[in-house]
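Residue numbers (numbering that gives the first Met the number 0): 0 to 135. A short write-up of the structure that comes next.
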Amino acid sequence: MALGRISRFLDRLSRGDQLTRTQASVLASVMRLGPIRISELADVEGVNPTMLSRIVAKLEDAGLFRRLPDPADGRVVLVEVTEAGRIEQLRLRAERSELLSARLAALPPARADELLAALSALESLADELAPRTENG
Numbered sequence: 000m001a002l003g004r005i006s007r008f009l010d011r012l013s014r015g016d017q018l019t020r021t022q023a024s025v026l027a028s029v030m031r032l033g034p035i036r037i038s039e040l041a042d043v044e045g046v047n048p049t050m051l052s053r054i055v056a057k058l059e060d061a062g063l064f065r066r067l068p069d070p071a072d073g074r075v076v077l078v079e080v081t082e083a084g085r086i087e088q089l090r091l092r093a094e095r096s097e098l099l100s101a102r103l104a105a106l107p108p109a110r111a112d113e114l115l116a117a118l119s120a121l122e123s124l125a126d127e128l129a130p131r132t133e134n135g
């Protein structure tokens with residue numbers, strides 16, 4: 000789909016060599032969802048928990064994540080974004096926005112108007128499929 004191709008293009012340009020696509024996705028999910036169990040995050044990301052544990056460990060080593068005990072169950076560990084992780088996610092989001100804005104500005108006015116008209120419907124669909132949280 001066109002939206003997927005656009006997303007991959009923006010993702011590739013904004014994250015550079017710093018994070019893999021999966022790491023960037025996991026970072027965005029934890030930023031959006033807040034402290035979360037690895038098993039729940041694995042479901043969200045569609046990745047097996049063992050593989051996700053490795054990804055989380057790399058993000059933790061990079062200082063982007065930290066683990067903390069679940070207050071509801073001390074046997075369970077939650078993952079949350081550190082301040083460095085929050086800054087990195089905001090940087091990625093800002094770079095994607097800049098890249099997209101530059102491409103949109105280069106469109107003929109009629110095409111840009113068509114896209115703007117479709118945004119409302121896309122926002123409604125996105126909110127229906129994946130409601131926003133306070134972080135995302």
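In this text, a Cβ means the ideal position worked out from N, Cα and C, and glycines have one as well.
Residue environment: M30 is assigned as buried (16 or more neighbouring CB atoms within 10 Å of its CB, all protein chains considered). Separation of R85 and R65 (C-alpha to C-alpha, rounded to the nearest whole angstrom) is 12 angstroms. Membership of P108 in any beta strand (DSSP E) is not indicated; the residue belongs instead to the alpha helix (DSSP H) covering P108 to L128.
Going by DSSP, L67 is part of the beta strand (DSSP E) stretching over F64 to D69.
Annotation for G73: the continuous beta strand (DSSP E) segment containing it runs D72 to V80. Counting every other CB atom within 10 Å of its CB across the protein chains shown gives E87 a total of 16 or more, marking it as buried.
The count of Cβ pairs closer than 8 angstroms, one atom from the segment 52-60 and one from the segment 5-12, stays below three, leaving the stretches out of contact.
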